[in-house]
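Below is one structure; the comments refer to it alone.
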Amino acid sequence: MSKRRDGGHAAKGPSQRQLRVGEEIRHILADIFRRGEFRDPELMDLNVTVSEVRISPDLKNATAFVMPLGGSKPELVAALNRASAFLRTQVAHEMRLPYAPRLSFQLDTSFDYAEKIDRILHDPHVARDMTGIVNTGDDAEEDKEEGGDQNHGA
Numbered sequence: 010m011s012k013r014r015d016g017g018h019a020a021k022g023p024s025q026r027q028l029r030v031g032e033e034i035r036h037i038l039a040d041i042f043r044r045g046e047f048r049d050p051e052l053m054d055l056n057v058t059v060s061e062v063r064i065s066p067d068l069k070n071a072t073a074f075v076m077p078l079g080g081s082k083p084e085l086v087a088a089l090n091r092a093s094a095f096l097r098t099q100v101a102h103e104m105r106l107p108y109a110p111r112l113s114f115q116l117d118t119s120f121d122y123a124e125k126i127d128r129i130l131h132d133p134h135v136a137r138d139m140t141g142i143v144n145t146g147d148d149a150e151e152d153k154e155e156g157g158d159q160n161h162g163a
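The numbering used here numbers the first residue of the sequence shown as 10 and each following residue consecutively.
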């Protein structure tokens, strides 16, 4: 029975190697998409951003998060998943790994989530609450400064 490095607890996040390999795959995919060497007509004029690649701990599976430029295209992810075998081969030619990871593609929703948070923060009710917190902090600072000035003058 082998001992685990993390003391038997589940890992908190991806390892340094996972991050490094994922970033290398991201760069390779971006370069492949830039060249546009696809046979699939849906991917011919592909204009997409690869925002992140997450890879499994055993480096055998990778999920690429993509965002089409110029609006949402739901058929894009299906087309990329159809072309994943071709893309896997292309990635394998450019990487030095014992085996090429299986690729899957998902639409990156982090931009939508960030926009939602931004809308919430700019909501008048939330802005009012945020202003109240800032004013309370400013009042406390002013009181502190006024008290400090009185003590120094005496």
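Cβ atoms here follow ideal geometry from the backbone N, Cα and C, with glycine treated the same way. Because the structure is a prediction, the values reported are computed rather than measured.
If distances are taken between C-alpha atoms only, which option among the options comes closest to residue i?
i, options, result
"Val100", "Pro77, Ile129 and Asn70", "Asn70"
"Thr98", "Arg26, Phe47, Arg29 and Phe74", "Phe47"
"Leu52", "Arg35, Glu32, Lys82 and Asp67", "Lys82"
"Ala73", "Ile126, Ser119, Arg44 and His102", "Ser119"
"Arg26", "Ile126, Leu106, Tyr122 and Ile129", "Leu106"
Would residue i pass as a contact of residue j if the rule is Cβ separation under 8 Å?
i, j, result
"Ser65", "Ser93", "no"
"Leu96", "Ile41", "yes"
"Leu244", "Val62", "Absent from the model: residue 244. The displayed extent of the chain is 10 to 163, so no value can be given."
"Asp138", "Met76", "no"
"Pro110", "Leu68", "yes"
"Arg91", "Asp49", "yes"
"Gln115", "Val86", "yes"
Measure how close the beta-carbons of residue i and residue j come, nearest whole angstrom, since I'm counting them as under 8 Å.
i, j, result
"Val59", "Leu38", "5 Å"
"Glu33", "Met104", "6 Å"
Report the partner residues of residue i according to the DSSP bridge assignment.
i, result
"Phe74", "Glu61 and Gln115"
Does the beta carbon of residue i sit closer than 8 Å to a beta carbon anywhere in chain B?
i, result
"Asp117", "Protein chains in the displayed structure number just one, and chain B is not present."
Problem set entry | In chain order, each alpha helix (DSSP H) run of at least 4 residues that lies wholly inside the region 79-104 | 83-91 and 93-103
Problem set entry | Minimum length 3: unbroken beta strand (DSSP E) runs contained in the region 109-145 | 111-116
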